[in-house]
Amino acid sequence: MELIINGKPQQLPDGISAAALIEHLGLADQRLAMEVNQEIVPRSTFESHILKPGDQIEIVRAIGGGAR
Amino acid sequence: MSSVMKTATPRTADPLLIDGVEYQSRLLVGTGKYKDLEETRRAVEASGAEIVTVAIRRTNIGQNADEPSLLDVLPPDRYTYLPNTAGCYTAEDAVRTCRLARELLDGHKLVKLEVLGDEKTLFPDIVQTLSAAETLIADGFRVMVYTNDDPIIAKRFEEMGCVAVMPLAAPIGSGLGIRNPYNILTIVENAEVPILVDAGVGCASDAAIAMELGCDGVLMNTAIAGAKDPVLMASAMKKAIEAGRESWLAGRIPKKRFASASSPLDGIFF
Chain A
914 MELIINGKPQ
924 QLPDGISAAA
934 LIEHLGLADQ
944 RLAMEVNQEI
954 VPRSTFESHI
964 LKPGDQIEIV
974 RAIGGGAR
Chain B
69 MSSVMKTATP
79 RTADPLLIDG
89 VEYQSRLLVG
99 TGKYKDLEET
109 RRAVEASGAE
119 IVTVAIRRTN
129 IGQNADEPSL
139 LDVLPPDRYT
149 YLPNTAGCYT
159 AEDAVRTCRL
169 ARELLDGHKL
179 VKLEVLGDEK
189 TLFPDIVQTL
199 SAAETLIADG
209 FRVMVYTNDD
219 PIIAKRFEEM
229 GCVAVMPLAA
239 PIGSGLGIRN
249 PYNILTIVEN
259 AEVPILVDAG
269 VGCASDAAIA
279 MELGCDGVLM
289 NTAIAGAKDP
299 VLMASAMKKA
309 IEAGRESWLA
319 GRIPKKRFAS
329 ASSPLDGIFF
């Protein structure tokens, strides 16, 4: 199925969980937060949250930054 | 959290108190615009800052997993991370950013709210900022709000429940120093929450002046990161904040139009 991840469409297996997605993207040991369709998915629910076709996913982290 | 000694800084008798937590340093620093992470680390360390602001941005997918991140050079158990809403021009984006930051930092509630109105001046959009502050406060966030130097608005933010109010000295990154010291003074005099000057500081004396107006602290990024020698400037800023604070606490002499001699007339032999 197609998922939009950080603005880019990607093909992922049907029924993949948020946790499996993070694993697949190689982000497993990074401190991050995830939104699906503009709603935050708590890290504690990553295993049980199953992604659906067309889901818009934002994965963010803290970086050095000021005004911009 | 206040029982954990986060840094090696000796405890001062004059701590900065924000939302019930004591900090030894009155200098807060941003983490952007450095040459690289190593320079970031050295400058932040030289500054003595305990609170560092960070931006929330998309993860770089496909990035080398071994590449160090900000959290590696500024460990979250040693520094208080203050997520900001940098780059947000609407209340909606700012609220969304804060919620993601809270999730990212395990429920951490202290945030810096900034909602910009204009790309050229980066002045805050007060209407959007008021709206975002209201939503965030209702959602349990402890908001340190970036604002302009309007004393009425500053008090409004305090009354709605912001834990600190942060008026700008001058536009972000401009290095112009405090453009309107009388407004900052009025804000400080009317405030019951900490007032920190945020944005526009350019050199160490600017920071000292902020403290001598009675501000509780100063937040800066470009003044350090953009200096020719950021680590040295960070050290200068640390001293300027301390000197300015002592100067204010010490109670300066009044300004007088004419001289008042320091030595007695008694005993003059000429």
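Sequence lines, in order, name chains A and B. Taking this note's numbering, the leading residue of the first sequence gets 914, the next gets one more, and so forth. Taking this note's numbering, the leading residue of the second sequence gets 69, the next gets one more, and so forth. Built from N, CA and C at the ideal position, the CB exists for glycine as well.
Contacting residues, own chain, Cβ-Cβ under 8 Å from residue i (five flanking each side not counted)
i      : result
B/I277 : G245, I246, P249, G312
B/C283 : I252, V256, I263, L264, V265
B/K323 : none
B/G294 : K101, G241, G243
A/A975 : R944
B/D297 : none
B/P192 : E182, V183, L184, G185, Y214, T215, N216, L236
Neighbour flag for residue i against chain A, beta carbons, 8 Å
i      : result
B/G100 : yes
B/Y157 : no
B/L172 : yes
B/L138 : yes
B/A311 : no
B/R320 : no
B/A154 : yes
B/L168 : yes
B/Y250 : no
B/K323 : no
B/Y149 : yes
6 Å CB neighbourhood of residue i in its chain, flanking five on each side removed
i      : result
B/T203 : V163
A/A980 : Any reading at A/A980 needs caution, since the residue's pLDDT is 48, under 50, leaving its predicted position unreliable; the model's value is listed next. Closer than 6 Å at the Cβ level, and outside the excluded window around A/A980, lies no residue.
B/A308 : A272, A275, A276
Straight-line Cα distance separating residue j from residue i
i      : j      : result
B/K188 : A/G978 : 18 Å
B/L84  : B/E226 : 17 Å
B/G319 : A/A941 : 55 Å
B/A206 : B/V286 : 27 Å
B/C271 : B/V231 : 27 Å
A/P922 : B/P151 : 28 Å
A/E971 : A/E948 : 5 Å
B/L317 : B/D82  : 10 Å
B/D174 : B/A327 : 59 Å
B/T44  : B/M212 : The first residue shown for chain B is 69 and the last is 338, placing residue 44 of chain B beyond what the model contains.
B/V89  : A/I963 : 39 Å
B/S315 : B/V179 : 30 Å
B/L172 : B/E310 : 33 Å
B/A222 : B/F337 : 58 Å
A/D968 : B/L138 : 29 Å
B/R126 : B/I321 : 52 Å
Interface flag, residue i vs chain B, CB-CB below 8 Å
i      : result
A/V973 : yes
A/I976 : yes
A/P955 : yes
A/A933 : no
A/N919 : yes
A/A980 : Reliability of the predicted coordinates at A/A980 is poor, the pLDDT of 48 falling under 50, and no value is obtained from them.
A/M945 : Note that residue 945 of chain A corresponds to Leu in the displayed sequence, not to Met. Cβ-Cβ to chain B under 8 Å: yes for A/L945.
A/E948 : yes
A/L916 : no
A/L940 : yes
Own chain residues within Cβ distance below 7 Å of residue i, not counting five before or after
i      : result
B/A200 : A159, A162, V163, L181, V183
A/M914 : L925, D927, P966
B/A154 : A123, E182
A/A932 : F959, E960
B/A117 : S93, L95, L96, V97
B/K177 : R170, G208, F209, R210
B/E107 : P298
A/L934 : L925, L964
Cβ-heavy atom distance, residue i to the ligand SAM, below 7 Å
i      : result
B/K296 : The model on display carries no ligand, and the ligand SAM is accordingly not part of it.
Test: residue i CB closer than 8 Å to a CB of chain D
i      : result
A/L964 : In the displayed structure, chain D is absent; the protein chains listed are A and B.
According to a CB-to-CB cut-off of less than 8 Å, which residues of the stretch 117–128 of chain B neighbour chain A?
So the list reads T121, V122, A123, I124, R125, R126, T127, given in the order they occur along the chain.
Residues in the stretch 80–114 of chain B having any Cβ partner in chain A nearer than 7 Å
Under the 7 Å Cβ criterion, the stretch 80–114 of chain B contributes G98, T99, G100, K101, Y102, T108.
Do the stretch 132–146 of chain B and the stretch 949–957 of chain A touch if we need at least three Cβ pairs shorter than 8 Å?
Flag = no, the stretch 132–146 of chain B and the stretch 949–957 of chain A do not touch.
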